[in-house]
Each structure stands twice: as C-alpha cells, then as structure tokens.
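Numbers in my numbering are just positions in the sequence shown, counted from 1, shifted up by 1.
No residue lacks a Cβ here, since even glycine has one placed at the ideal position from N, Cα and C.
Quick caveat, the model's predicted, so the values are computed rather than measured.
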Amino acid sequence: MTTTELLKGAAELFPDEVVTQAHVRHLELPGAGRFALITLDNGFDHTKPTTFGPQSLANLNAAIDQVEKEAADGEIVGVGLTGKPFIFAVGADLKGVELLKRREDALAIGKGGHDVFKRLSSLAVPTFAYYNGAAMGGGVEVGLHCTYRTVSKSVPAFSLPEVFLGLVPGWGGCALLPNLIGPERAVKVIIENSLNQNRQLKGAQVHELGIADALFEGADFLEQSLLWTASVLKGETEVSRPEIDRGEAWDNAVAQGRAIADGKVHGAAPAAYRALDILAAAKNGDLRAGFDAEDEALADLIMGGELRSGIYAFNLVQKRAKRPAGAPDKNLARPVSKVGVVGAGLMASQLALLFARRLEVPVVLTDIDQERVDKGVGYVHEEIDKLLLKGRVNQDKANRLKALVTGSLDKAAAFGDADFVIEAVFEEMGVKQKVFAEVEAVVPEHAILATNTSSLSVSEMASQLKHPERVVGFHFFNPVAILPLLEIVRAEQTDDASLATAFAVAKKLKKTAVLVKDAPAFVVNRILTRFMGSVLGAIDEGTPVEVADRALAPLGLPMSPVVLLDLVGPAVAHHVAGTLHAAFPDRFAVSENLGRVVEAGKRNLYAYDSGKPELDPEVAALFQVGDTALTEEQVRDRALDAIAEEIGLMLDEGVVAEAQDIDLCLITGAGWPFHLGGITPYLDRAGVSERVRGRKFLAPGVASIPE
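So, in structure tokens, the structure goes:
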C-alpha cells in the first residue's frame, strides 16, 4: 500500500481532524541560490497548536512531492521547514489516536508518519528544520529527519512527551535522537524528562544538548536561520557533531534509563521499557530496523490500556480542569483586591505567598502573638528572596511582592477592608468556629470566608454565623506551590456568588479547581485514608510492614503507602482517620498502632538512615500485631476493593459530578500517574470495578478502546 493510500484510509477514520497545511514558498538566499520553505499552519492562532493527523501528514507529503521534484531538477539548493508564529508543531493528533479500534489501523499511523518524515532525509538537497516555537512529539521528530536544525531562544516548550502518555516517540525519535546526541542525552529527553511530569526544554537547552546546530534570538529568528542556512550551503559554516560512543557508554545509558523507569513506574507501565528496547537496538545505527521497531511498539501501545488511560488523564488535565463541572456563572464572581490569612504557620505562610504572587494584591496574616506573625511574614519574604536568586522575579518585582505581604495582631484593622479571608488554623472544629465568628464581626458584608480544612464539615463550621452563605471550603494540597489541586467545597448554605468568587480566585491562582460536596474529608483525603487504612489494617493483623508496603508497587504510584503516611505525618493521618471513622465507622478503622506512634511523638514510621526506608526500631517496638500475615497480592486486592467501593459510594452520594472528577483530583492532588488515568480506568481494566460494584465506572471508549 502506498503512503497516499495509507493516509487516505487513516483520514477516513478521523473526519474531525483539525488539518495542518504545508505551504511551500521560494526565497532567494544571498549568494546560495533558490530555496524552498515549507510552513506548517493549521489556520488558527497559537492557542490551537499545529498537529499531525492523517490528512495533515498527506499535506506535508504533497509538499515534499513538490520540493523533491524541484531538488531533482536542480531548481532549488535546499529545503526548510518551519511553523506558524509561536508554534512549530506539537505532534500527532491524539483525538485521532483515541478513535482507533484495530491494531492494523494503529500500525498504519506509525508507518504513515515514518514514510512522510523520512523523505526529508533522502532529498537531493540538504534539509533544515527551524524550530521557531513550541515543538513536541512528532513536531520534534520531523525536524530530526532533516540534515540541520536551528532553534529559537524564545521556544518555551520542547519535548518528546510520549512515554509520559503511554507511547514511545514513534516517528523516528527513539532511533534518531541517540544517533544524533548520544544515548545518555537521548535517555534524558525521552525517559527522564518525560517521566518527570513531562518536563519541557527551553530553546537554549535544545541547542546545548546538540539537538539544534544553531541558536538565534526570537525576534528575527527565521531571518537569522536563513542567513545561517546560506552560509552552510556556501560552505562558510561547517557543522561538526561529536562522535557517538557505541561501546559500553551506550549500554550504561540504557541501563540508567531502566533504573529511572523503575524508580518512577516500578514496571507498571510498558512505554518507557519499549522505548529503551528501541534505544538499545539503535546502538548499531540501523535506522530502518529502528523505524520498524517504533511502528510495532506504537501499534502495541495504542491498543493497550495504559495509553488510553494516559490520553484520558491528559484530556482531564488539559480540558476538564479548565471547565470545572458544576461551577456557577463566572459573571457572579466579586472582585478580590485584598486577602486576609488567619494563622501564620507554614501552611498559612505558603498560602500568603501564593496569593501575593498570583493575585498581586495586599495580603495580611494574623496570629495569636507577634512572634508567630513575624515568623510567617519572614517566611514569605525569604521565599521571595529565593525566587529573586533563581531569577524567577527581578528586584523590582521582589520588592513589590514583599510590600504586599504584612502581618497584624488586630483582626479588625487587618481584615476590615478584605474581600477574601482564608483560615489555616488548627484542624479542630471549635477553634475554626471561634476564628470565623471573630472574622465575621470585622469583615465587610461582601467578603468571602474560606477554610482550608482537609476533613471537617464546612457547613458545621459556618452554622453559627450570621451569614453562612458566604463560607466556602478552599482545600489546598501540600506543598501548595507544587500540587495543582484545589478542592472547592460548597457547604449547605453557600450561595452562588461566593462560590463563583472562589472559582475566579482559584483560576487566578492557576489551580485546578474541582467542586466537591461538603462530605467528610472531601475527595483525595477520603480515598487515600481508605486506601492507607486497608494497608494499615493488614499490618495490624500481622502482615510484615515491608510486605504490606510493597503490595501496591505494581500500580506505579508515586510513593508507597507507608512513605506516603510519613509524608502526610502520622498525627495528621490519624486525625483524618478519626474524622472518617466518626462518619463511617463500618468502613474506616482507627489503627491503635498508629495511635501509639502518634502518642509517642514519632513523626515517621520509617527511618531513612541507610538511604532507603526501613521500619524505625522504636516504632516496631510500639506495634502490637496479630498473627494473620497476608501476601502482597492479598493486600493489593483488599486495597483496590476498598478504593473501588469508596469511589462508588462517593459517586452515589454526589460528592463530585462524575468519576472523571475523582480521577482529576487524584492526578492533580496526589500525583497519581497518567497510566492509571487517576484510578477508575485502572479499576475498570483490572476487573475490580465489576467485582466490587457489578459495573464499570466509565463508559466503553472513554478511557479504553472504543467498542
């Protein structure tokens, strides 16, 4: 089958493709001759990046037909490839991948991309890729097939994100990149960056790694790239690339890649390992074999559950997160020109810093004594100084941010003109009710009162106020600067204007806001507490700690249950378990062993003296356990059954609108991996949902192969 026929068949499967055109124009390069420049453009501005679906590949193929003939006839001296303003190209159109039902169609996508891209390396004249803007996946790979590459200093994002989603760089990335920049650097780009939450490279880093041969300023990038091209074609500029070590260094780089993958996904997702297999085989420089291996890997992974979960998770974070389910009309939101923070501890100080940086309005902290207030304000100022040292803000901005954050012991003076006041005090109902009563007495009538509670009832907290309708839950996750999730809790009497204001503030804070019902521990803490409770229960019954803790490794979670417990802190975990036990005593137990750990003042179950976590002997001495030791598989089954049951009950209770919101919360608030899709696609795929609930959480095709 020809490339044209292959792409025509694929295009029929994907009628809604946003099609990229490949415009050819000709330029006279000074002293070098006539040059063909292909520009990739889907006709939209930079907010809709250029992608490669089957029709888009066909258009590029047709453009290459034209320049191939011109090159063969001696009419041009070279061919360049660039993108529309701010965008080079961001790879395959994932909406098309989602629609594929058969392996042969998936294989056609791989072959189609290879067949088009590799023509750029076999033209009769040199080819040049000009990375003028964002380039990802296939956008990076099409440039790798060219003879030379330049990159703009202003490129904000450049990556091969496929492994992050559950794929491999399948249009030449795995085979070409190590042969261009060496295996160690290729592993960094393909494996390490991808598994580190899809870390992006900037233009200068792309040049430093050797992916691009030249680096130019963004303002006149194309002009400078064309002048450089002319000097290369005239022989005035010679591009030299380091010789690739194809010996032991290659094997070591692949082994290092496997260690990185093991550390991140623990063998739970196949994509990284398939990519490393192709990298390993690329050692001999046989590109044709490498491309064939990429095709097969793409076909297998496209038909696998991890990729469907990965695309589902990607869509949640990119799309659903921007349009929160159940949020009121944004026009109801009130302006916020001053923020109050009750408390000046670590959490309160982190919140003050975030509000000052994102809203750029005055922020006032209060606490019970001047020493605490000074410490809180001091923390914020120190963090701003760190941002200055890292070059994240300039001196002027640092001075302005510091001036915005102040402290006061007088709530009336601090909050008398505040529009939004958030409390971050001790997690105890009486304390929070007292704080809210004091704040309500001094704030303006329109002010929103927000609570950062992690598990307590927001409705009960507001119940003694004159205006409970302006109280809203605003639950952040620690560390505040890193985790995107913000659970926005609608209490029984919260009105639409208060809720709309909370969502508007969340958007300015650049947080992923999810609307949740006022139910014990809301979403993330409720699921994690049930999950950790089942593991702790197994330990209490007599399962060795290391066995119970290892049981969930096949899921590839960011950390094991006991390490997570240490991060949260035994005291906090014990407190939340107590709250949930009071609400649902039949499902949430309170571990007596954990209680003893808290009573003894121990902050961790593990000791980390040897570099790896081991049960602290002092903690082991506190444990009183039974004589029933479960296997890893039994602990895992019990934990997954518990999670599935709890999610089902939460959906029945209307804690969130849909299962998608549960998954969005776990991805953005607990760092659960894309290859699980959060959790519900995994529970569906593993048969747990049907075992526990008698049905799946998601409809066919939502995070799985369409039926």
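C-beta atoms of residue i and residue j nearer than 8 Å
{"i": "P170", "j": "M137", "result": "no"}
{"i": "A72", "j": "I191", "result": "no"}
{"i": "L595", "j": "H575", "result": "yes"}
{"i": "A90", "j": "T51", "result": "yes"}
{"i": "N605", "j": "D653", "result": "no"}
{"i": "L168", "j": "I668", "result": "no"}
{"i": "Y380", "j": "S350", "result": "yes"}
{"i": "D628", "j": "G543", "result": "yes"}
{"i": "I110", "j": "L82", "result": "no"}
{"i": "F159", "j": "Y131", "result": "no"}
{"i": "V656", "j": "Y607", "result": "no"}
{"i": "V378", "j": "L366", "result": "yes"}
{"i": "A345", "j": "R373", "result": "yes"}
{"i": "P521", "j": "S464", "result": "no"}
{"i": "V78", "j": "T128", "result": "no"}
{"i": "K112", "j": "L7", "result": "yes"}
{"i": "G306", "j": "R686", "result": "yes"}
{"i": "E30", "j": "A231", "result": "Looking at the sequence itself, residue 30 is Leu, so the reference to Glu does not match. Yes."}
{"i": "V591", "j": "A578", "result": "yes"}
Close Cβ partners of residue i (< 8 Å) along its chain, the five nearest in sequence each way excluded
{"i": "V422", "result": "V340, G341, V342, V343, F416, V440, V444, A448, I449, L450 and A451"}
{"i": "R324", "result": "none"}
Counterpart residues of residue i in DSSP-defined beta bridges
{"i": "Q22", "result": "D42"}
{"i": "T83", "result": "T40"}
{"i": "Y380", "result": "In the DSSP output, where bridge partners are listed per residue, Y380 has none listed."}
{"i": "H27", "result": "A37"}
{"i": "S150", "result": "The question names Ser, but residue 150 in the sequence shown is Arg. R150 pairs with A130."}
{"i": "G408", "result": "L366"}
{"i": "A90", "result": "A136"}
{"i": "K518", "result": "R491"}
{"i": "F53", "result": "A93"}
{"i": "I449", "result": "F421"}
{"i": "T513", "result": "L486"}
{"i": "H476", "result": "E488"}
Residues near residue i by beta carbon distance below 7 Å, same chain, minus five either side
{"i": "A282", "result": "A290, G291 and A294"}
{"i": "R321", "result": "Q661 and L665"}
{"i": "A304", "result": "The sequence given here places Met at residue 304; Ala does not occur at that position. The residues are R104, A107 and I706."}
{"i": "S338", "result": "V362 and D420"}
{"i": "L178", "result": "L145, A187, V190 and I191"}
{"i": "I261", "result": "I192, E193 and L196"}
{"i": "N10", "result": "Checking the sequence, you will find Gly at residue 10 rather than Asn. So the list reads A109, once near-sequence residues are dropped."}
{"i": "T681", "result": "I648, A660, I663, D664, F698 and L699"}
Of the residues the options, the one placed nearest residue i, counting alpha carbons only
{"i": "I385", "options": "R401, V472 and Q371", "result": "R401"}
{"i": "W16", "options": "V525, E99 and A273", "result": "Here the sequence assigns Pro to residue 16, which means Trp is not the residue at that position. Out of V525, E99 and A273, E99 has the C-alpha closest to the C-alpha of P16."}
{"i": "K398", "options": "D368, L302, K603 and A357", "result": "A357"}
{"i": "D214", "options": "S153, N453, R35 and V517", "result": "S153"}
{"i": "P480", "options": "L347, F585, P571 and L366", "result": "L347"}
{"i": "L516", "options": "T530, A492 and F532", "result": "A492"}
{"i": "R26", "options": "V20, Y607 and R35", "result": "R35"}
{"i": "A645", "options": "V563, D330, R531 and P674", "result": "R531"}
{"i": "K265", "options": "H676, V426 and L699", "result": "H676"}
{"i": "G649", "options": "Q625, W673, S690 and P614", "result": "S690"}
{"i": "E593", "options": "I540, L641 and E547", "result": "I540"}
{"i": "G219", "options": "P562, G134, G84 and N199", "result": "G134"}
{"i": "P243", "options": "N253, F222, Q257 and I212", "result": "I212"}
{"i": "A64", "options": "T21, A260 and H47", "result": "T21"}
{"i": "F775", "options": "F475, G679, A505 and M533", "result": "This structure cannot settle anything about residue 775, because the visible part of the chain is limited to 2 through 708."}
{"i": "I528", "options": "P469, V569, L405 and I663", "result": "I663"}
{"i": "L631", "options": "F589, D642 and A549", "result": "A549"}
{"i": "L558", "options": "I369, R692 and G670", "result": "G670"}
{"i": "S122", "options": "D519, L95 and E69", "result": "E69"}
{"i": "G570", "options": "E600, R588 and R551", "result": "E600"}
{"i": "V255", "options": "I489, K697, N453 and P184", "result": "P184"}
{"i": "Q494", "options": "K467, L487 and R393", "result": "K467"}
Contact with chain C by residue i, beta-carbon distance below 8 Å
{"i": "T40", "result": "Among the chains in the structure shown there is no chain C, since it carries only a single protein chain."}
Local Cβ density within 10 Å of residue i, reported as buried at 16 or more and exposed below that
{"i": "G32", "result": "exposed"}
{"i": "T151", "result": "buried"}
{"i": "E18", "result": "buried"}
Own chain partners of residue i with C-beta closer than 6 Å, once the 5 adjacent residues on each side are dropped
{"i": "L360", "result": "K509"}
{"i": "V117", "result": "L58, L61 and N62"}
{"i": "V143", "result": "F118"}
{"i": "P329", "result": "D497, L500 and A501"}
{"i": "Q225", "result": "F217"}
{"i": "A334", "result": "A501, T502 and A505"}
{"i": "F222", "result": "N133 and S153"}
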